[in-house]
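**Student:** There's a structure below that I have some questions on.
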Amino acid sequence: MIPSILPTYSRAPLEFTKGEGSWLMTADGRRFLDLGAGIAVNALGHAHPALVKALTDQAGKLWHVSNLYQIPQQQALADKLVDATFADTVFFTNSGTESCELAVKMARKFWYEKGDPDRVEIITFSGAFHGRSTAAIAAAGSEKMTKGFGPLMPGFTHLDWGDHDALRAALTDRTAAVLIEPVQGEGGIRALPDQCLKGLRELCDETGALLILDEVQCGMGRTGKLFAHEWAGVTPDIMMVAKGIGGGFPLGAVLATEQAASGMTAGTHGSTYGGNPLACAVGCAVMDHVADPGFLAHVNQVAGQLRQGLEGLIASHPDVFEEVRGAGLMLGIKCKAPNADIVQAGYDAQVITVPAADNVIRLLPPLTLSADEVTEALARLDRAATQASNG
Ligand SMILES: *Cc1c(COP(=O)(O)O)cnc(C)c1O
């Protein structure tokens, strides 16, 4: 008999009843160090007092109106994002998938309004993940995500990650946009070198194609800059955001330049919930913390400590681990033992990690992780590795 929850996930038999900072508690009193943060969502950890206050204060006043009316919390968050980034304008969504939908629509509408309606093609890369809608799975293109869901939305060209010559050849006068994650998440924590992102920006400038960055996982302070592309010193035309921006409350956004957004006039897009008062009240509180240079300095410091510790961990478990990669607090450990076994051994050692493609385990802790918690994380991962290697 089918379970009452549609069985699209194979869930661990873990049930958490309370969260506090970097820790998750079970009803029977076990404490887990959370290096997953709900897959890079709980940027400020669990039950952060500022977020609890923002949410409960707003909850006592007004939950929802509609985008038919002015929403001051949404205006405030849009202004904060525009002030802190390349963007001139923001549309709020409820998820990364919805941000992908709008990014694709915006890029195509841009060319349509420019009198080039055949310029619809969007270039994407192997190992990409942009969400689970029909457009987002067509964008990623992997068999794992698309099989059985055809016919797929046309207009996506899939290239191998890192194949510069193929990219140059694929950029034509039918290319509307290039869509890429600066650091691939689900694909196994693969960071695009700064030089490649710079080169990609130049190629887009030469051909006119728009550059869409998917910073759903790597954005909002995760790599130690507010957004990952800042490391390369270039800016996109359109950027997808979600996950960390709501700190655990469902919220996403599409940020764009005035030029790239110029096709999106009244009536061309909408959302019932997108940017509602509750989500944006929380989003403002998240932004106030994460955009603070002192906060980002903390992320970089703790990330350096964690990465150095992981190098040592890998050296002492060469049969289990291969290498560490990624940026900031978006780290992946490429494993030799099956990654699922190591995630399981982690549960036994009461530390939470998240599997990814390419036999990688991901470490995406709350950005508020402390130096002491890094030490504790390394000790628990060491126990997990010892257990995994003893079988
Ligand atoms: C998680 C993710 C998405 C999809 O976000 P949802 O909120 O699950 O719809 C898109 N792109 C990237 C890079 C992601 O990590």
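Numbers in our numbering are just positions in the sequence shown, counted from 1, shifted up by 115.
C-beta: ideal position from N, C-alpha, C; glycine also.
Leaving aside the five residues before and after GLY134 along the sequence, list all residues of the same chain whose C-beta is less than 8 Å from its C-beta, in chain order.
**Tutor:** Stepping through the sequence shown from its first residue, residue 134 is reached at position 19. The residues are MET140, ASP149, ASN157, GLY160, HIS161, ALA162.
**Student:** So within the region 269–336, which uninterrupted beta strand (DSSP E) runs reach at least 3 residues, ignoring any that extend past its ends?
**Tutor:** Runs found: 271–274, 290–295, 325–329.
**Student:** Cβ of LYS176 versus every heavy atom of ligand 1: is any distance shorter than 7 Å?
**Tutor:** On the sequence shown, residue 176 is found 61 positions in, with the first residue counted as 1. The answer is no for LYS176.
**Student:** Run through DSSP, which three-state label would GLY265 get?
**Tutor:** For this step, residue 265 is matched to residue 150 along the sequence shown. It is coil, neither helix nor strand.
**Student:** Hey, quick one: how far does the alpha helix (DSSP H) through GLY419 stretch, first residue to last?
**Tutor:** In the sequence shown, residue 419 corresponds to position 304, counting from 1. Taken as a continuous stretch (DSSP letters only), the alpha helix (DSSP H) holding GLY419 covers 408–431.
**Student:** Quick check on MET116: buried or exposed, where buried means 16 or more other Cβ atoms within 10 Å of its Cβ?
**Tutor:** Residue mapping note: residue 116 aligns to position 1 of the sequence shown, counting from 1. Answer is exposed; the Cβ neighbour count stays below 16.
**Student:** The alpha helix (DSSP H) with GLY211 in it runs from where to where?
**Tutor:** For the purposes of this step, residue 211 is taken as the residue at position 96 of the sequence shown. Start and end: 211–228.
**Student:** Does the beta-carbon distance from ALA357 to GLY211 come in below 8 Å?
**Tutor:** Against the sequence shown, residue 357 aligns to sequence position 242. Against the sequence shown, residue 211 aligns to sequence position 96. For ALA357 and GLY211, yes; Cβs fall inside 8 Å.
**Student:** Expressed to the nearest angstrom, what Euclidean distance is found between the alpha-carbon atoms of LYS262 and ALA251?
**Tutor:** Locating residue 262 in the sequence shown gives position 147, where the first residue counts as 1. Locating residue 251 in the sequence shown gives position 136, where the first residue counts as 1. LYS262 and ALA251: Cα-Cα distance of roughly 13 Å.
**Student:** For ILE120, which three-state DSSP category applies?
**Tutor:** Numbered from its first residue, the sequence shown carries residue 120 at position 5. In this structure, ILE120 counts as coil in the three-state DSSP scheme.
**Student:** Closer than 7 Å: is that where the CB of LYS358 sits relative to any heavy atom of ligand 1?
**Tutor:** Against the sequence shown, residue 358 aligns to sequence position 243. Yes, the beta carbon of LYS358 sits closer than 7 Å to at least one heavy atom of ligand 1.
**Student:** On the three-state DSSP scale, how would you describe ASP198?
**Tutor:** In the sequence shown, counting from the first residue as 1, residue 198 sits at position 83. Three-state result, ASP198: helix.
**Student:** Put LEU177 into one of helix, strand or coil per three-state DSSP.
**Tutor:** The residue given as residue 177 occupies position 62 in the sequence shown. Three-state result, LEU177: coil.
**Student:** My output table needs one value for HIS161: the three-state DSSP class, helix, strand or coil.
**Tutor:** Translated into positions along the sequence shown, residue 161 becomes position 46. In this structure, HIS161 counts as strand in the three-state DSSP scheme.
**Student:** Taking only the alpha-carbon atoms, compute the straight-line gap between TYR227 and LEU328 and give it to the nearest angstrom.
**Tutor:** Residue numbering aside, residue 227 sits at position 112 when the sequence shown is read from its first letter. Residue numbering aside, residue 328 sits at position 213 when the sequence shown is read from its first letter. So the alpha carbons of these two residues sit roughly 21 Å apart.
**Student:** Tell me which same chain residues have a C-beta within less than 6 Å of the C-beta of ILE467, skipping the five on either side of it?
**Tutor:** Position 352 of the sequence shown, counted from the start, is the residue given in the question as residue 467. For ILE467, where only same-chain residues beyond five positions count, the Cβ hits under 6 Å are PHE147, ASP149, LEU150, GLY151.
**Student:** Label ILE238 either buried or exposed according to how many other C-beta atoms from any shown protein chain fall within 10 Å of its C-beta, with 16 as the threshold for buried.
**Tutor:** Counted from its first residue, the sequence shown places residue 238 at position 123. By the neighbour-count rule (16 or more Cβ atoms within 10 Å), ILE238 is buried.
**Student:** Given a cut-off of 8 Å, decide if GLY367 and ALA155 are closer than it, judged by their beta-carbon atoms.
**Tutor:** Residue mapping note: residue 155 aligns to position 40 of the sequence shown, counting from 1. Residue mapping note: residue 367 aligns to position 252 of the sequence shown, counting from 1. No. Outside cutoff.
**Student:** What is the residue span of the beta strand (DSSP E) that GLU236 lies within?
**Tutor:** The sequence position of residue 236 within the sequence shown is 121, counting from 1. Its beta strand (DSSP E) spans residues 236–240.
**Student:** Counting Cβ pairs, one atom from each stretch, are 3 or more of them under 8 Å apart for the region 242–259 and the region 290–305?
**Tutor:** The region 242–259 vs the region 290–305: in contact.
**Student:** Could you pull the start and end residues of the beta strand (DSSP E) that ARG440 belongs to?
**Tutor:** As a first step, residue 440 is located in the sequence shown; it is residue number 325 there, counting from the start. ARG440 -> beta strand (DSSP E) spans 436–442.
**Student:** Going by Cα to Cα distance, which pick from GLN420, SER241, ALA452, GLY359 is closest to HIS404?
**Tutor:** For the purposes of this step, residue 404 is identified with residue 289 of the sequence shown, where counting begins at 1. Among GLN420, SER241, ALA452, GLY359, the Cα nearest to that of HIS404 belongs to GLY359.
**Student:** So the candidates are LYS229, ALA218, PRO266, GLY230; which of them puts its Cα closest to the Cα of HIS245?
**Tutor:** Against the sequence shown, residue 245 aligns to sequence position 130. Checking every option, the nearest Cα to that of HIS245 belongs to ALA218.
**Student:** Could you name the residues of the same chain whose beta carbon sits closer than 6 Å to that of LEU391, not counting the 5 residues immediately before and after it, in chain order?
**Tutor:** To locate residue 391, count along the sequence shown from 1; it is residue 276. The sequence given here has Asn at residue 391, not Leu. Excluding residues within five positions, the ones whose Cβ falls inside 6 Å are HIS179.
**Student:** Between the region 368–378 and the region 167–182, can you find at least three pairs of beta-carbon atoms closer than 8 Å?
**Tutor:** Contact between the region 167–182 and the region 368–378 is absent, because fewer than three Cβ pairs lie under 8 Å.
**Student:** With DSSP collapsed to three states, give me the class of LEU493.
**Tutor:** For the purposes of this step, residue 493 is taken as residue 378 along the sequence shown, with counting starting at 1. In the structure shown, LEU493 sits in a helix (DSSP, three-state: H, G or I).
**Student:** For GLU373, does the three-state DSSP call read helix, strand or coil?
**Tutor:** For this step, residue 373 is matched to residue 258 along the sequence shown. Coil, per DSSP.
**Student:** When we look at the beta-carbon of VAL167 and count the other beta-carbons within 10 Å, is it buried (16 or more) or exposed?
**Tutor:** Within the sequence shown, the letter at position 52 stands for residue 167. Counting Cβ neighbours within 10 Å, VAL167 comes out exposed, since fewer than 16 surround it.
**Student:** Please classify PHE264 as buried or exposed, where buried requires at least 16 neighbouring CB atoms within 10 angstroms.
**Tutor:** Within the sequence shown, the letter at position 149 stands for residue 264. Exposed is the call here.
**Student:** For ligand 1, is there a heavy atom less than 7 Å away from the beta-carbon of HIS273?
**Tutor:** Position 158 of the sequence shown, counted from the start, is the residue given in the question as residue 273. Not so, every heavy atom of ligand 1 lies at least 7 Å from the Cβ.
**Student:** Would you call THR338 buried or exposed, if buried means 16 or more other Cβ atoms sit within 10 Å of its Cβ?
**Tutor:** Position 223 of the sequence shown, counted from the start, is the residue given in the question as residue 338. It counts as buried.
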